[in-house]
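Student: Taking our numbering, the leading residue of the sequence shown gets -9, the next gets one more, and so forth.
For every residue, glycine included, the Cβ atom is placed at its ideal position computed from N, Cα and C.
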Amino acid sequence: MRDLKGQTVVIRDVVRRYGTYEAVSNVSFDIRAGEFMSILGSSGSGKTTLLMMIAGFETPSSGRMLIGERDITHLAPNRREVGMVFQKYALFPHMTVAQNLAFPLKMRGVPTTEIAARVADMLALVQLTGFEKRMPNQLSGGQQQRVAVARALIFEPPVLLMDEPLGALDKKLRESMQFEIKRLQERLGVTVIYVTHDQEEALTMSDRVAVMERGQLVQIGAPSELYLAPKTAFVADFIGKMNFLDGDYMGAEADGAVVALSELNRIVAPAGLNGLNGSVAQGDRVRIAIRPERLRLAPKGQGGSSALAAKVETAIFVGSYHVFIVAIDGHGGAPIQVQLPANSASLPFRNGDSVDLILDREALKLFPAKEM
Ligand code: ADP
Ligand code: MG
-9 MRDLKGQTVV
1 IRDVVRRYGT
11 YEAVSNVSFD
21 IRAGEFMSIL
31 GSSGSGKTTL
41 LMMIAGFETP
51 SSGRMLIGER
61 DITHLAPNRR
71 EVGMVFQKYA
81 LFPHMTVAQN
91 LAFPLKMRGV
101 PTTEIAARVA
111 DMLALVQLTG
121 FEKRMPNQLS
131 GGQQQRVAVA
141 RALIFEPPVL
151 LMDEPLGALD
161 KKLRESMQFE
171 IKRLQERLGV
181 TVIYVTHDQE
191 EALTMSDRVA
201 VMERGQLVQI
211 GAPSELYLAP
221 KTAFVADFIG
231 KMNFLDGDYM
241 GAEADGAVVA
251 LSELNRIVAP
261 AGLNGLNGSV
271 AQGDRVRIAI
281 RPERLRLAPK
291 GQGGSSALAA
301 KVETAIFVGS
311 YHVFIVAIDG
321 HGGAPIQVQL
331 PANSASLPFR
341 NGDSVDLILD
351 REALKLFPAK
361 EM
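(1) Tell me whether R173 is buried or exposed, calling it buried when 16 or more other Cβ atoms sit within 10 Å of its Cβ.
(2) Just to confirm, are K355 and A288 a CB contact at a threshold of 8 angstroms?
(3) If distances are taken between C-alpha atoms only, which option among V208, L178, K161 comes closest to G36?
(4) List the whole-angstrom C-beta distance separating L151 from L41, where the pair is believed to meet the contact cut-off of C-beta under 8 angstroms.
(5) Since D20 is in the alpha helix (DSSP H), which residue starts that stretch and which ends it?
(6) Report yes if the C-beta distance between P260 and G246 is below 8 angstroms; otherwise report no.
(7) Would you mind working out which of Q329, H321, A317 sits nearest S344, comparing C-alpha positions?
(8) Examine the Cβ distances between the region 48 to 57 and the region -5 to 14 and report whether three or more of them are shorter than 8 angstroms.
(9) Taking only three categories from DSSP, how would you classify L235?
(10) Can you name the start and end residues of the alpha helix (DSSP H) that P358 belongs to?
(11) Decide if I306 is buried, meaning its Cβ has at least 16 other Cβ atoms within 10 Å, or exposed.
(12) Between T38 and ligand 2, is the CB less than 7 angstroms from at least one heavy atom?
(13) Between which two residues does the beta strand (DSSP E) containing L251 stretch?
(14) Return yes when the C-beta of Y8 is under 7 angstroms from any heavy atom of ligand 1, and no when it is not.
(15) What does the alpha-carbon distance come out to for the pair M362 and S18?
(16) Please list the terminal residues of the continuous alpha helix (DSSP H) segment that includes Q168.
(17) Can we count Y217 as close to ligand 1, meaning its CB is less than 7 angstroms from some heavy atom?
(18) Note down the Cα distance separating G9 from T39, rounded to an integer number of angstroms.
(19) Using the three-state DSSP reduction, which class does P289 fall into: helix, strand or coil?
(20) For V185, verify whether its CB is less than 7 angstroms away from any heavy atom of ligand 2.
(21) Does I280 come out as helix, strand or coil in the three-state DSSP assignment?
(22) Within the continuous beta strand (DSSP E) that includes S214, where are the two ends?
(23) Sorted by chain position, which residues of the same chain lie with C-beta nearer than 7 angstroms to P94's C-beta, five sequence neighbours on each side aside?
(24) Roughly how many angstroms separate the alpha carbons of R372 and H84, rounded to a whole number?
(25) Beta-carbon separation of L30 and T186 under 8 angstroms?
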């Protein structure tokens, strides 16, 4: 199989309305040639609609799209040269594996002798050599999806679009298929746009992730960027596990922004926090966000002056780490998750213990409360 020359995809001010409802609102971004880009969002956020517009099965209400130098906004789907894989295995049920793979080549008038060689190459690539004569219903779910990927790639498209392609598979198989697809994409150099609602899947597979919320693109960035520097509370909450502490913004002091959780508890966060951007005033409700792995516990009274008094509600051993669910004294908010490495062998904390909760100040993010 020849290498695929991945191409850039440009999406500019793309809108899709159904009546007065905007399924996709003014979305713009560029995908680099050979990049693995995921579109991540919860159900109904507009992911499929966006992908279908790139494929040509939906028409934008406004905006334009380019693949390489070509404006494809009004091009027929079969002239866009994009491969597609859907969640439901869209294999032709009455055709063998080999016939399914040959189909896109026949449509393009590729000579029969060449077709046989390319089908064999492609089957080898997805590790299904010997399955030529099987019918789709004689394959497992994972095998069917590998055939679907092979069929989408066999005509060597510069861009491959995938819509929740592993959604129907169980967790173990899904994880090994994620790895296979990623390896194939790197090997071939094809540009991939991959739709998923599974943040873990998006983080593990992608060069960059575009997060969608209610039709809007809310943040786009490398997985580590989204995890470490979420721009909104929504992204902070959607990517990975996040704790939120609600409080009143008391204004800036010499050593940072002061948030009162209750009469008892104040948190001083470093100044210049992202999230706030001067958009809150003294007295406004705000949310402090902090990851479970940026919290620590100490025996009561030993956590230093900025620690918060708390009580352990639940202690869970997860395998590679421990999770402690703690409630902050005098704060009615949701319980806080603390994640500690499993190798801290003699963790002295048990259900019901009074403890000090230590926040890594540098890891705090502040967001306006109204946004969520
Ligand atoms: P996702 O793939 O992120 O789950 P979709 O793109 O399928 O979301 O849908 C986004 C929104 O647009 C949903 O609220 C959905 O109901 C609506 N929608 C999608 N297709 C149509 C359609 N053909 N007519 C009306 N509304 C639609
Ligand atoms: Mg969808």
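Tutor: Reading from the atomic positions:
(1) R173 comes out exposed.
(2) Contact: no.
(3) Residue V208 is the option with its Cα nearest to G36.
(4) At roughly 5 angstroms, the Cβ-Cβ gap stays under 8 angstroms, so L151 and L41 are in contact.
(5) Where D20 is concerned, there is no enclosing alpha helix (DSSP H), although the beta strand (DSSP E) it sits in stretches over 11 to 21.
(6) Note that the C-beta distance between P260 and G246 is below 8 angstroms.
(7) Nearest option by C-alpha distance: A317.
(8) Here the region 48 to 57 makes contact with the region -5 to 14; the two share three or more CB pairs at distances below 8 angstroms.
(9) DSSP places L235 within a strand segment (E or B) once states are collapsed to three.
(10) Careful: P358 lies outside any alpha helix (DSSP H), inside the beta strand (DSSP E) at 355 to 358.
(11) I306 is classed as exposed because its beta carbon has fewer than 16 other beta carbons within 10 Å across all chains shown.
(12) For ligand 2, at least one heavy atom lies less than 7 angstroms from the Cβ of T38.
(13) Premise fails: L251 is in no beta strand (DSSP E) and is neither H nor E.
(14) Yes, since a heavy atom of ligand 1 falls inside the 7 angstroms radius drawn around the Cβ of Y8.
(15) Confidence at M362 is low in this model, with a pLDDT of 46, below 50, so its placement is unreliable and no value can be given for it.
(16) Looking at the DSSP string, the run of the alpha helix (DSSP H) that includes Q168 is 161 to 178.
(17) Y217: no, Cβ never under 7 angstroms from ligand 1.
(18) Distance between the alpha carbons of G9 and T39: 14 angstroms.
(19) Strand.
(20) When distances are taken from the beta-carbon of V185 to the heavy atoms of ligand 2, the shortest one is below 7 angstroms.
(21) Taken through DSSP and simplified to helix, strand or coil, I280 comes out as strand.
(22) Element bounds for S214: not the beta strand (DSSP E) but the alpha helix (DSSP H), 213 to 218.
(23) If we look at P94 and ignore the five residues flanking it on each side, its Cβ neighbours are R141, I144, F145.
(24) Look at the range of the chain in this structure, -9 to 362, and you will see that residue 372 is not part of it.
(25) Yes, Cβ-Cβ distance for L30 and T186 is below 8 angstroms.
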